[in-house]
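Visitor:
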Amino acid sequence: MNYSANEEDKILYISNPDKRKDCPLEEYDFDETVVEGNGPSGLLSWKDRNFINSHYHDECGEFVVKSVPIARKFGSNIELTDDNDKYYKEKLWPLGVVMYSADAGARRSQALLALRNAMTTIELSSCIVFHNLEDLSMSPRNFLWFSSFGGEVMPRLGVVPGNQSLLLSSLVNGVPGHTAHALNMLLRILGIPMMSNRYDRDNYVTVHWKNIQQGMEHYFERLPEDAMLRNSDGVIMQYDYTSVTHAPSNYLCADCSLGQQTVSPVQDHLWQRTLTMGHRTDLNPMDIEILNLLYAKECQNRFTGQDK
């Protein structure tokens, strides 16, 4: 990055001492991200990070983006590979049971009622159980605490050892129009990543980095290839804009009051995909299949009385 330039004249140089403007930049390790690569990333302001993320693909995209296979027509029968098992294993709640409780203010709120409705939706479609813990003396190993006044605004991906305190309102109230927000947050708690974070998502959506809320950019990073699910023939699970885990077009947007977007489909006839993304109120068939596949062993252990 040319730090002395003004906003209009900024040019991206990565390990480019001769300040050539051509691509590819031979000395850069493209296995790492632009911000976290070999350069002095700690010197970048958030504005510069967003500038890089939103412009470097335009400058050198054909050289830095690895070829990612596009999912062919996908049948059912998803199978977990060894790589899948390693990626998801530590993210799953033991026995498929999620323990939670809430402070006094949260227990009396409409927000908790809305979240419980979302929990019921998941329970009716899977073997998952959300258990409201009245007696805190039980001291479960893994535990969610819903707070009416503090806590993290975004849950971790999957189970976290010990107590994870979450701001209840942030789990229920998403950006305008995101009717799937509560379900998406609960699936994130269960270790189910967002469809729009898939390893191959750049084939299907464009992320507009400069429109994302400051400090929230990492929630748009692609997942590792190990998280990709395939069927028994090795065919990649089809990309699904209707998944309850897909980000809406204004997800974590800094200011989308004039119609700006953080996520947009690569191809979208008459905005059909844009209007679909994030607007579900239930799990679609693929969401249900993924959830039950990942938790099959944990729930079996619960039914047979086994534990880890």
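Under the UniProt record's numbering, residues 1 to 308 are what the sequence shown spells out, in order.
C-beta: ideal position from N, C-alpha, C; glycine also.
Model, not experiment: these values are computed from the prediction.
1. Are Leu252 and Ile78 close, meaning C-beta to C-beta below 8 Å?
2. For residue 309, write down the residues that DSSP places opposite it in a beta bridge.
3. Counting only the same chain and skipping the five closest in sequence on each side, list residues whose C-beta sits under 7 Å from that of Ala106.
4. Could you check the C-alpha separation between Phe74 and Ser232 for me, to the nearest Å?
5. Enumerate in chain order the residues of its own chain whose CB-to-CB distance from Ala118 is below 7 Å, with the five nearest sequence positions on each side excluded.
6. Which value, in whole angstroms, describes the spacing of the CA atoms of Gly278 and Leu166?
7. Could you check whether the region 195-206 touches the region 237-252, counting it as contact only if at least three pairs of C-beta atoms, one from each stretch, sit closer than 8 Å?
8. Where does His269 sit, in a helix, a strand or coil, going by DSSP?
9. Our contact map puts Ala227 next to Tyr100 with C-beta atoms below 8 Å; I'd like the distance itself, whole angstroms only.
10. Which of the three DSSP states, helix, strand or coil, is assigned to His131?
11. Considering only C-alpha positions, which residue in the set Ile192, Ser170, Met216 is nearest to Asn84?
12. Under a Cβ-count criterion, where at least 16 other Cβ atoms within 10 Å of its own Cβ denotes burial, should Pro265 be classed as buried or exposed?
13. What residue does the alpha helix (DSSP H) around Thr245 start on, and which one ends it?
14. For Glu152, which residues of its own chain have a beta-carbon under 6 Å away from its beta-carbon, when the five flanking residues on both sides are left out?
15. Which residues bound the alpha helix (DSSP H) around Ser249?
16. How many whole angstroms separate the CB atoms of Ala180 and Asn211, which I take to be in contact at a CB cut-off of 8 Å?
17. From Leu92 to Gly158, what does the alpha carbon distance come to, in whole angstroms?
18. What do you get for Pro285, buried or exposed, if any count of 16 or more other CB atoms within 10 angstroms of its CB means buried?
19. Would you say Gly96 and Ile122 are within 8 Å of each other, going by their C-beta atoms?
20. Would you identify the three-state DSSP class for Asn173, choosing helix, strand or coil?
21. My output table needs one value for Arg230: the three-state DSSP class, helix, strand or coil.
22. In this structure, how does DSSP classify Gly39 when only helix, strand and coil are distinguished?
23. Excluding the 5 residues flanking Glu225 on each side, which residues of the same chain have their C-beta closer than 8 Å to its C-beta?
24. Taking 8 Å as the threshold (C-beta atoms), are Glu298 and Pro94 in contact?
25. Look up Cys60 in the DSSP assignment and say whether it is helix, strand or coil.
26. Below 8 Å on the Cβ atoms is my guess for Lys126 versus Ile288; work out the distance and round it to an integer in Å.
27. In its own chain, which residues sit with a C-beta less than 8 Å from the C-beta of Leu136, not counting the 5 before and 5 after it?
28. Write down the C-beta distance between Asn250 and Thr242 rounded to the nearest angstrom, noting that I regard them as a contact closer than 8 Å.
29. Determine the extent of the alpha helix (DSSP H) in which Tyr88 is found, giving its start and end residues.
30. What distance in whole Å lies between the Cβ atoms of Leu115 and Val172, which are believed to be in contact at a cut-off of 8 Å?
31. How big is the Cα-Cα spacing for Phe220 and Gln213?
32. Using the Cβ count rule (16 or more neighbours within 10 Å means buried), how would you classify Met138?
33. Which whole-angstrom value is the C-beta distance of Asp240 and Met194, which I expect to be below 8 Å?
Guide: According to the data block:
1. With contacts defined as CB atoms closer than 8 Å, Leu252 and Ile78 fail to qualify as a contacting pair.
2. With the chain covering 1 to 308 only, the question about residue 309 has no answer from this structure.
3. Hits under 7 Å: Leu112, Phe146, Ser147, Ser148, Leu168.
4. Reliability fails at Phe74, whose pLDDT of 45 lies under 50, so the model's placement of it is uncertain and no value is given.
5. Answer for Ala118: Ala182, Leu183, Leu186, listed in chain order.
6. Gly278 and Leu166: Cα-Cα distance of roughly 22 Å.
7. Yes: the two stretches touch, three or more of their Cβ pairs being nearer than 8 Å.
8. Note: His269 maps to helix in three-state DSSP.
9. About 25 Å; that fails the 8 Å criterion.
10. Collapsing the DSSP output to three states places His131 in a strand.
11. Of the candidates Ile192, Ser170, Met216, the one whose C-alpha sits nearest the C-alpha of Asn84 is Ile192.
12. Around the Cβ of Pro265, a 10 Å sphere holds 16 or more other Cβ atoms; the residue is buried.
13. Taken as a continuous stretch (DSSP letters only), Thr245 belongs to no alpha helix (DSSP H), as it is neither H nor E.
14. Once the five neighbours on either side are set aside, the close Cβ partners of Glu152 are Leu166.
15. Neither: Ser249 is in no alpha helix (DSSP H) and is coded neither H nor E.
16. That pair is no contact at about 20 Å.
17. A direct Cα-to-Cα measurement between Leu92 and Gly158 gives close to 6 Å.
18. By the 10 Å Cβ count, Pro285 comes out exposed.
19. Result no, Cβ atoms of Gly96 and Ile122 do not sit closer than 8 Å.
20. DSSP places Asn173 in coil when its eight states are reduced to three.
21. Secondary structure of Arg230 (DSSP, three-state): strand.
22. In this predicted model, Gly39 has a pLDDT of only 43, less than 50, meaning its place in the structure is not dependable; the value taken from the coordinates is given anyway. The three-state reading of DSSP puts Gly39 in coil, since its state is none of H, G, I, E or B.
23. Excluding positions up to five away in sequence, the list reads Asp83, Tyr199.
24. Contact: yes.
25. Any answer about Cys60 is weak, because its pLDDT of 49 lies below 50 and its placement is not dependable; what the coordinates show is given next. Residue state, collapsed to three classes: helix.
26. A small correction: the amino acid at residue 126 is Ser; Lys does not occupy that position in the sequence shown. Going by Cβ atoms, the distance from Ser126 to Ile288 rounds to 7 Å, so yes, they are a contact pair.
27. Correct list, in chain order: Ser101.
28. The distance from the Cβ of Asn250 to that of Thr242 is about 17 Å, inconsistent with a contact at the 8 Å cut-off.
29. 82-89 is the extent of the alpha helix (DSSP H) around Tyr88.
30. With a Cβ gap of about 6 Å, Val172 and Leu115 count as contacting.
31. For Phe220 and Gln213, the distance between alpha carbons rounds to 11 Å.
32. Counting Cβ neighbours within 10 Å, Met138 comes out exposed, since fewer than 16 surround it.
33. Actually they do not touch by this definition, with Cβ atoms about 11 Å apart.
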